[in-house]
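Asks: FYI, in our numbering the residues of the sequence shown are 111 to 333.
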Amino acid sequence: METGILVDFRALICDLDGTLLDSIADLGESMNIVLAADGLPRHPIAAYRQLVGDGVEKLAERALPPRLRTPETVREMARRMREVYSGRWGVHTRPYDGIEQMLQGAHEAGLTLAVLSNKVDRFTKEMVAHFFPRVAFAQVAGAKDGVPNKPNPQSALQLAKELGVDPAQCVFLGDTKVDMDTATAAGMFPVGVLWGFRDQEELLAHGAKRLLAHPSELAELLS
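1. Does the beta-carbon of Gly-274 have 16 or more other beta-carbons within 10 angstroms, so that it is buried, or is it exposed?
2. In whole angstroms, give me the CA-to-CA distance for Asp-216 and Pro-258.
3. Note down the Cα distance separating Ala-345 from Leu-213, rounded to an integer number of angstroms.
4. Among Pro-154, Leu-150, Asp-148 and Gly-149, which residue has its Cα nearest to the Cα of Glu-139?
5. Does the distance from the C-beta atom of Leu-131 to that of Thr-203 stay below 8 Å?
6. Please check the pair Trp-199 and Asp-125, which I expect to be a contact at CB under 8 Å, by giving their CB distance rounded to whole angstroms.
7. Per DSSP, Thr-222 is paired with what?
8. Hey, quick one: how far does the beta strand (DSSP E) through Gly-138 stretch, first residue to last?
9. How would you call His-316, buried or exposed, if buried means at least 16 neighbouring beta carbons within 10 angstroms?
10. Taking only three categories from DSSP, how would you classify Gly-302?
11. In the DSSP output, what is Ala-253 paired with across the bridge?
12. Across the region 169–178 and the region 287–298, are there enough close Cβ pairs to call them in contact, namely three or more that are closer than 8 Å?
13. Can you tell which of Phe-247, Pro-263 and Asn-228 has the C-alpha that lies nearest to the C-alpha of Ala-253?
14. May I ask you to report which of helix, strand or coil DSSP gives Arg-204?
15. Relative to the C-alpha of Ala-219, which candidate in His-324, Ala-323, Leu-321 and Leu-122 has its C-alpha closest?
16. With Arg-189 as the anchor, note down where its alpha helix (DSSP H) starts and where it stops.
17. Among Phe-247, Glu-312, Ala-157 and Thr-286, whose alpha-carbon lies nearest the alpha-carbon of Leu-269?
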C-alpha cells in the first residue's frame, strides 16, 4: 500500500452506502420484507454486508435461494425491493460519525465533491439531499438504465469529465472491492474506508492505495 502521496488532488468522488451512509439495516430489512412476502428465508442483517454493493438486481439475485435465480424472478424481486425501499430508506440510515466534517474539510481544501453509487439514481439523489443538505456536491450520480454499474469505469470517467478534472487527480473513496476496482480501472486514486461493509483484506487485494480508519484521516491525505 502506498504511503507517499505526490498527486495534486482536485476532486473527491465518494461511494454512498457503507462509505458516507450506514444504510445496511434499511437495505437488509427491505429485502427481507420482499422475501418474507413470498415465504422465502430471510437473511441476518449482518449478512447483507456481503450481498450489497453491485446494484439492486445483484442484491435480489444473491438474496434469493439458488433454485429461484431466474432472470424473470430476479427482475421482479428487484422491482419489489425498489418499491419497499422507497418508503423506508430513512428508518435507520444515518451518516457515519465524522462524515459531514470530512466532506466540508475536503471542500474547504479546494476539492470538488461528487457521489457515485450503484444505488438507483433517484434514491441516491434523494438520500444525499436529505442527509447532506449543507454539503456542496457538484455531482450526484446513481445507477441508470443503459449505463453499466461500477466496477465498469464508464460512469466514473463520465463524472470526472463533467467535473472538469483529470481522472488521475480524483480520490475515489469507497468501502468495497467494487469501488477499488472502479477507481483503478478509471485511473483514479483508490482509498478504502474501514468503517463500511467490507474488511481491509478485500480493499487491499483490489488495489486500495490508502486505508482510512476514521473520516478525519482524509485530511492528512489531502494536506
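In this text, a Cβ means the ideal position worked out from N, Cα and C, and glycines have one as well.
Replies: Checking against the coordinates, here is how it stands:
1. Gly-274 is classed as exposed because its beta carbon has fewer than 16 other beta carbons within 10 Å across all chains shown.
2. Note on identity: in this sequence residue 216 is Ala, with Asp being the wrong assignment. Computed Cα separation, rounded: 28 Å.
3. Here the chain comprises residues numbered 111 to 333, so residue 345 is not present and cannot be evaluated.
4. Cα-wise, what sits closest to Glu-139 is Pro-154.
5. The beta carbons of Leu-131 and Thr-203 sit closer together than 8 Å.
6. With a Cβ gap of about 16 Å, Trp-199 and Asp-125 do not count as contacting.
7. According to DSSP, Thr-222 shares a beta bridge with Ala-121.
8. For Gly-138, there is no enclosing beta strand (DSSP E); the enclosing alpha helix (DSSP H) covers residues 134–147.
9. His-316 is buried by the Cβ-count criterion.
10. Gly-302 falls in the strand class under three-state DSSP.
11. Beta bridge pairing from DSSP links Ala-253 with Val-230.
12. Flag = no, the region 169–178 and the region 287–298 do not touch.
13. Closest by alpha carbon: Asn-228.
14. Here Arg-204 sits in strand by DSSP.
15. If we check each option's Cα against that of Ala-219, Leu-122 comes out closest.
16. From DSSP, the alpha helix (DSSP H) with Arg-189 extends over 181–196.
17. Per the Cα distances, Phe-247.
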